[in-house]
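Numbering (the working numbering), first residue to last: 32 to 148. By construction, the Cβ of each residue, glycine as well, lies at the ideal position given by its N, Cα and C atoms.
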């Protein structure tokens with residue numbers, strides 16, 4: 032019996048590498064203790080990640096302080112790397128930063144949906 036193994040991390044890094052002309056992106060993670068690890072992981076794919084820690088369980092209004100860091104960076108797009116982030120949060124990130132935003136869970140879900148539709 033053969034199964035398809037979908038590795039979200041590999042898909043996300045490939046998409047970022049193709050979409051980012053400067054190879055510099057913003058990454059949102061829920062746990063600030065993971066920020067250095069995530070920068071190293073993205074670097075393996077030739078991408079410089081400007082990482083910020085933002086909990087998906089905080090009110091949307093609390094996003095602005097960390098997002099100001101991303102707004103001021105010369106990045107091509109922002110990846111929201113947590114399945115807890117919402118569409119409402121994505122819109123707020125886009126509004127504050129004025130940058131393209133990818134909510135990783137919707138990207139992965141759309142790919143899975145397309146495969147098995």
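- Rounded to the nearest whole angstrom, the CA to CA distance from residue 93 to residue 120 is 10 angstroms.
- For residue 122, the enclosing alpha helix (DSSP H) stretches over residues 118-128.
- Within the same chain, and ignoring the five residues on either side of residue 46 in sequence, the residues whose Cβ sits closer than 8 angstroms to its Cβ are 133, 138.
- Residue 116 sits buried, since 16 or more C-beta atoms from the chains shown fall within 10 Å of its C-beta.
- When the five nearest sequence neighbours on each side are left out, the beta carbons in the same chain lying within less than 8 angstroms of the beta carbon of residue 100 are those of 81, 83, in order along the chain.
- For the 9 angstroms CB-CB criterion, residue 91 and residue 123 form a contact.
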